[in-house]
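As you go down the protein sequences, you meet chains A and B in turn. So the first sequence is numbered by the numbering used here: it starts at 241 and just counts up by one. So the second sequence is numbered by the numbering used here: it starts at 241 and just counts up by one. First up is the structure itself, then whatever we jot down about it.
Number of protein chains: 2
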Amino acid sequence: MEPGGHGRVTIIDVAEAAGVSKSTVSLVLQGSPLVRPATQAKVRETIRGLGYVYNRGAANLRRATSNVVGMLINDLTNPFYAELAVGIERVFQSAGYVPLIANTAESVIRQAEVLKSIREQGVAGLIISAARGTPAAAIRDFTQAGIPVVLVMRGVAGARAAAVVPDNRRGAREAVEHLANLGHRRIAFAGGFTDTLVHEERIAGYRDALAAAGLPADEALVIEVPPNRDGGIAAVPRCLALADPPTAVMCFNDAVGFGVCLGLKQRGLEPGRDVAVVGFDDIAEARHATPALTTVAVDSFGLGARAAQLMLRLIQRGEPSAETDIGAVHLVVRDSCGARRQSRREAS
Amino acid sequence: MEPGGHGRVTIIDVAEAAGVSKSTVSLVLQGSPLVRPATQAKVRETIRGLGYVYNRGAANLRRATSNVVGMLINDLTNPFYAELAVGIERVFQSAGYVPLIANTAESVIRQAEVLKSIREQGVAGLIISAARGTPAAAIRDFTQAGIPVVLVMRGVAGARAAAVVPDNRRGAREAVEHLANLGHRRIAFAGGFTDTLVHEERIAGYRDALAAAGLPADEALVIEVPPNRDGGIAAVPRCLALADPPTAVMCFNDAVGFGVCLGLKQRGLEPGRDVAVVGFDDIAEARHATPALTTVAVDSFGLGARAAQLMLRLIQRGEPSAETDIGAVHLVVRDSCGARRQSRREAS
DNA sequence: CTGTTAGCGCATTCAC
DNA sequence: GTGAATGCGCTAACAG
């Protein structure tokens, strides 16, 4: 009811109005059991009556801790990262932390500015999907100051920080298992440069699944082509030239997958019907071009949530600077090649 | 180089190390011209050497002002609102303000929690794309405390606050002018309930354009049908029944537009070729269904930027609580009916 | 031009 | 259980 004018109502005003001391009010605010219920009720009443609002800035200053965490996203305009952000945010919200979200628009310069600003705000932690080309030094600034950092989705070369990234191996394995369950027995792997970690992981998952399904690992079925559309197109004739051609192709990414679909059509084959095509949803655009393409997508919400949970743990354990602690997130197979082949176990 | 242990380096440490007083350091930090350049350089040097970081929390406490502004978005997962958010954020960033972005996921409960939290952080202002069903009281809390509020994209019934919303009249006018420039002389307006403000605005823009193009305002061309797909379908026979049927239809929204396209096809007419169809991009889904449909879309980046600029003005002028100050944002015509008719001025 | 003094709103020992 | 002092890191007046 009190208009309050412009002189902000403080804890002291509340104390006076309630006829107690400041510290009592402070204890009530923190839900301490050391205050008699009657007093507590009276204090809460006055707080409401006076329209008092807690000043977290002052509290943080005094306690030398903060309830805000920095959260940098390389591109909020990209729905994938927007979802990632929302997944992270939700966890923080319900844990009582306030995320300071910022979009760096894939610019290291913008990112540097924002990092500085974030640092000045005195955040309890930093969770970041880094812009391309981020220097490890940017991260080191934080870890050296004892502020925990979690890298999400994207790693930073040379940075020693916790990271939550997709589990490529598992994603590839599940996709290939899916194909095997549909009855495919000749499954190729197409695309990707053999000297990259990501490719290595995905190939490993592919082999895991073959082994688990009791299928032979025919090296002829691993087609090395560039990880783009043209690579996919080029992979098709090489598959078809084999003595025993594959009935399904696991592609390095959706661009390759799109290429494979195109290549199949050129040969008069229908992707999804004659040959099942699966690809990791890295580009997230090519997939729209071909409904016949099944994709393996990162569960962005889940990844964000995992990252946020890791962050909370780091903050609460007060670890100064986490070692490379990989929290893997598994992928989701978005099917569209469906029940093409008969399931091997019909009535299971 | 100094590890700093865990005892944060403060302005005092800097002062001592540089052999000056705290206030001198403070002045340097604020870029005051009252400090001799030599001293300034020395201070900056020690700041860097000691790895000092400015504590904005303490500063804000002292000055009783803040450089952070609250920014609530009803659905960050929706690309439209994500762009809106980015547009807002960009302006704040470059003005030295830090936006505290939060996603309310269209939940008034979540929103209430976030608003409380935001309020405790002591923001300088609040810019909000409110969740559906937001009570005016939620906004009043802020304005009463002298914190400026800007409503963006979505208004809040009963709230007295600045608002930045699309300029429906101008959007309709530009779309119809576009049609007139393409050579159309019989342009209908289809859909919408006559008792809503939005409809009134769009009809007004339609009439503005007709008048400007010197075309007669034939009331028979205003087709009153419900603002949905079925309404659009129903509008077609009514148009065709006219003595002098229209060659173009301005629709209330894209759902109506989609309906009109369907209706035309049922009659063997090709939308976009035989009859130009334009619709406001309210639903933003129907449009994908018909490439022949030209849409009038809100420029989300621009809208966000306008809203942020208004916010900055309110903060800097220190206005306690702004009246309903509408910052209109114009719309963007996304053409797809193209140069159907001959331009009246061929070589202009 | 630079140093001194006094709080901003709150949390935290300690006594009472 | 409650109250009285003390300072978090910084800025804002003045005094030199």
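Glycine included, each C-beta is placed from N, C-alpha and C at the ideal position.
query: Met393 (chain B) (DSSP reduced to helix, strand or coil); result: coil
query: Spatial neighbours of Leu597 (chain A) in its chain, beta-carbon cut-off 8 Å, leaving aside the 5 residues before and after; result: No statement about residue 597 (chain A) is possible, as the shown extent of chain A runs from 241 to 588 and does not include it.
query: The region 369-400 of chain A: positions lying closer than 7 Å to chain B by Cβ; result: Gly386
query: Local conformation of Met551 (chain B) per DSSP, three classes; result: helix
query: Per-residue contacts from Val363 (chain B) into chain A (C-beta, under 9 Å); result: Here the premise fails: no neighbours, minimum Cβ distance about 10 Å.
query: Which of helix, strand or coil DSSP assigns to Gly519 (chain A); result: strand
query: Within-9 Å CB hit, Gly259 (chain A) to chain B; result: no
query: Gly310 (chain A) in three-state terms, based on DSSP; result: strand
query: Minimum Cβ-Cβ distance from Ala295 (chain A) to chain B less than 9 Å; result: Rather than Ala, the amino acid found at residue 295 (chain A) in this sequence is Asn. Closer than 9 Å to some Cβ of chain B, the Cβ of Asn295 (chain A) qualifies, so yes.
query: Residues of the region 415-426 of chain A whose Cβ lies closer than 9 Å to any Cβ of chain B, in chain order; result: none
query: Chain-order list of residues whose beta-carbon lies under 6 Å from that of Thr286 (chain B) (same chain, five-residue window excluded); result: Val254, Ala257 and Ala258
query: Nearest-angstrom Cα separation, counted from Ile463 (chain A) out to Arg478 (chain A); result: 8 Å
query: Contact set between Pro319 (chain B) and chain A, taken where Cβ atoms lie within less than 8 Å; result: Thr317, Pro319 and Ala322
query: For Ala428 (chain B): DSSP bridge partner residues; result: B:Val489
query: Distance, Leu552 (chain B) Cα to Ala399 (chain B) Cα; result: 20 Å
query: Rounded straight-line distance, which links the Cα of Arg546 (chain B) to that of Gly327 (chain B); result: 9 Å
query: Residues that Arg359 (chain B) contacts on chain A, provided the C-beta gap is smaller than 9 Å; result: Val293 and Tyr294
query: Neighbour flag for Ile270 (chain A) against chain B, beta carbons, 9 Å; result: According to the sequence provided, residue 270 (chain A) is Gln. The question's Ile does not apply to it. Taking Cβ atoms only, chain B never reaches closer than 9 Å to Gln270 (chain A), which makes this a no.
query: Same chain only: Cβ atoms within 6 Å of Pro511 (chain A), ignoring 5 sequence neighbours per side; result: Cys501, Leu504, Val517 and Ala532
query: Chain A within 9 Å of Ala412 (chain B), Cβ atoms only; result: no
query: Nearest residue (CA-CA) to Pro456 (chain A), options A:Val354, A:Ala495, A:Gly544 and A:His424; result: A:His424
query: Chain B within 9 Å of Pro339 (chain A), Cβ atoms only; result: yes
query: Chain A contact residues for Asn314 (chain B), given Cβ-Cβ distances below 8 Å; result: The contacting residues do not exist; Asn314 (chain B) stays about 12 Å from chain A at best.
query: With 16 other Cβ atoms within 10 Å as the buried cut-off, status of Glu459 (chain A); result: exposed
query: Proximal chain A residues relative to Ala483 (chain B), where beta-carbon distance stays under 8 Å; result: Those do not exist, as Ala483 (chain B) stays about 45 Å from chain A at its closest Cβ, beyond 8 Å.
query: Reference His418 (chain A); option with closest CA among A:Ala402, A:Asp435, A:Tyr446 and A:Gly336; result: A:Tyr446
query: Length-filtered (3 minimum) beta strand (DSSP E) runs lying within the region 278-361 of chain B; result: 308-313 and 338-343
query: Burial state of Ser261 (chain A), where buried means 16 or more other Cβ atoms lie within 10 Å; result: exposed
query: Inter-stretch contact (C-beta, 8 Å, three-pair minimum) for the region 338-354 of chain A and the region 405-414 of chain A; result: no
query: Residue range of the unbroken alpha helix (DSSP H) whose run includes Val416 (chain B); result: Asn408 to Asn421
query: Thr279 (chain A) versus A:Thr530, A:Thr264, A:Gln556 and A:Asn468, residue with shortest Cα-Cα distance; result: A:Thr264
query: Own chain residues within Cβ distance below 7 Å of Ala371 (chain A), not counting five before or after; result: Asn314, Thr344, Glu346, Ser347, Val348 and Gln351
query: Assigned secondary structure, Ile368 (chain B) (DSSP; H/G/I helix, E/B strand, else coil); result: strand
query: Inter-stretch contact at 8 Å, needing at least 3 Cβ pairs: the region 489-499 of chain B / the region 424-435 of chain B; result: yes
query: Short Cβ contact (9 Å threshold) for Gln549 (chain B) with Val331 (chain B); result: yes
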